[in-house]
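>
Protein chains in written order, with the working numbering: chain A, 1 to 114; chain B, 1001 to 1120.
(1) Does residue 1063 of chain B pass the burial test, meaning 16 or more other C-beta atoms within 10 Å, or should it be called exposed?
(2) Can you name the residues of chain A whose CB is closer than 8 Å to the CB of residue 1113 of chain B?
(3) Going along chain B, which residues have a C-beta under 9 Å from residue 101 of chain A?
(4) Should residue 1071 of chain B be labelled buried (16 or more other beta-carbon atoms within 10 Å of its own) or exposed?
(5) Please tell me whether residue 107 of chain A has its Cβ less than 7 Å away from any Cβ of chain D.
(6) According to DSSP, residue 1030 of chain B sits in a beta bridge with which residue or residues?
(7) What's the call for residue 1026 of chain B, buried or exposed, on a 16-neighbour Cβ count within 10 Å?
(8) Where are the beta strand (DSSP E) runs, 3 residues long or more, that stay fully inside the segment 9 to 55 of chain A, in chain order?
(9) Round the Cβ separation of residue 44 of chain A and residue 24 of chain A to the nearest angstrom and send it over; I've been treating them as touching at under 8 Å.
(10) So what does DSSP say about residue 100 of chain A, is it helix, strand or coil?
(11) In the structure shown, what three-state DSSP assignment does residue 1087 of chain B receive?
(12) Measuring only between beta-carbons, confirm whether residue 1043 of chain B sits less than 7 Å from chain A.
(13) Does DSSP put residue 84 of chain A in a helix, in a strand, or in coil?
(14) What residues of chain B sit near residue 90 of chain A, judged by a beta carbon separation below 9 Å?
(15) Expressed to the nearest angstrom, what Euclidean distance is found between the alpha-carbon atoms of residue 1060 of chain B and residue 15 of chain A?
(16) Spell out the partners DSSP gives residue 1110 of chain B in its beta bridges.
(17) Would you mind sorting residue 75 of chain A into buried or exposed? The rule is 16 or more other CB atoms within 10 Å of its CB.
(18) Any C-beta of chain A sitting closer than 7 Å to the C-beta of residue 1030 of chain B?
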């Protein structure tokens, strides 16, 4: 069965420092993996997706994630945090690949301090 | 492009009444729509999957008679919370999958902004 674990419920960084949000997955199939961001009172926005192409995936707003099969990880990174990055981030795995049923991680709340 | 809207954005109702939430894909045809529920400070939980013109498929533990889903067209799905109770208070989010365009957004899920339901 597919599942996803976000290892940190809260992450706090200073503006201009790197961001690392950790995600591990469990999947019986070759998974499709996503990172979504949720700002308060706004809909979820897709940051990036991995669908069995390049293992290093670049997304919007300077975010990227690396799919590591040996570690079953899909950590999200950004070299330099911006105040506007403060939000809730969800790591998501798709059942049976593609964009079918999505299983969400518990979420990581990112705080960015001046 | 690929915008999904929800209406209303928030609703307050009395216990025992029914509430209908609409989810619309504004610029693409959504062959599949999904309904999620999100409790405060928690993740999204899939409630049901609906394909246009057919009955919704509910996740285990979701009462289909309480959460009525209709997906009568390729751009509209509705979720009706029947006989709502305070424990139904939550943030309801829909997503729509672009199943027909064949373009770069083909098969991707796009999320609505959510509807906050408060049952008194």
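All C-beta atoms in this analysis are idealised placements derived from N, C-alpha and C, irrespective of residue type, glycine included. Computed from a predicted structure; not experimentally measured.
On the basis of the data shown:
(1) Position 63 of the second chain, counted from the first residue, corresponds to residue 1063 of chain B. With fewer than 16 other Cβ atoms within 10 Å, it is exposed.
(2) Taking the second chain and counting its residues from 1, one reaches residue 1113 of chain B at position 113. Near residue 1113 of chain B (Cβ distances below 8 Å), the residues of chain A are 41, 42, 43.
(3) Counting from one through the first chain, the residue named residue 101 of chain A turns up at place 101. By Cβ distance, chain B contributes 1034, 1046, 1049, 1059.
(4) One-based indexing of the second chain puts residue 1071 of chain B at position 71. When all chains shown are included, residue 1071 of chain B counts as buried.
(5) Among the protein chains of the structure shown, namely A and B, there is no chain D.
(6) Translated into the one-based positions of the second chain, residue 1030 of chain B becomes position 30. Beta-bridge pairing links residue 1030 of chain B to B/1098.
(7) Locating residue 1026 of chain B in the second chain gives position 26, counting from the first residue. Exposed is the call here.
(8) Complete beta strand (DSSP E) runs here, min 3: 10 to 14, 19 to 21, 23 to 26, 32 to 38, 44 to 50.
(9) Residue 44 of chain A sits at position 44 when you count from the first residue of the first chain. Residue 24 of chain A sits at position 24 when you count from the first residue of the first chain. Contact doesn't hold; Cβ gap of about 21 Å is too wide.
(10) Here residue 100 of chain A is taken as the residue at index 100 of the first chain, counted from 1. DSSP, reduced to helix, strand and coil, places residue 100 of chain A outside both helices and strands of the structure shown, so it counts as coil.
(11) Taking the second chain and counting its residues from 1, the one referred to as residue 1087 of chain B is at position 87. DSSP, read as helix, strand or coil, puts residue 1087 of chain B in helix.
(12) Numbered from its first residue, the second chain carries residue 1043 of chain B at position 43. Yes, because at least one Cβ of chain A sits closer than 7 Å to the Cβ of residue 1043 of chain B.
(13) Taking the first residue of the first chain as position 1, residue 84 of chain A is located at position 84. In the three-state scheme derived from DSSP, where H, G and I count as helix and E and B as strand, residue 84 of chain A is classed as helix.
(14) On the first chain, position 90 is the one that residue 90 of chain A refers to. Those within 9 Å of residue 90 of chain A in chain B are 1043, 1044.
(15) Stepping through the second chain from its first residue, residue 1060 of chain B is reached at position 60. Stepping through the first chain from its first residue, residue 15 of chain A is reached at position 15. Computed Cα separation, rounded: 42 Å.
(16) The sequence position of residue 1110 of chain B within the second chain is 110, counting from 1. Answer by DSSP bridge pairing, in chain order: B/1096.
(17) Looking up residue 75 of chain A in the first chain gives position 75. Buried.
(18) For the purposes of this step, residue 1030 of chain B is identified with residue 30 of the second chain, where counting begins at 1. Not closer than 7 Å to any Cβ of chain A, the Cβ of residue 1030 of chain B fails to qualify, so no.
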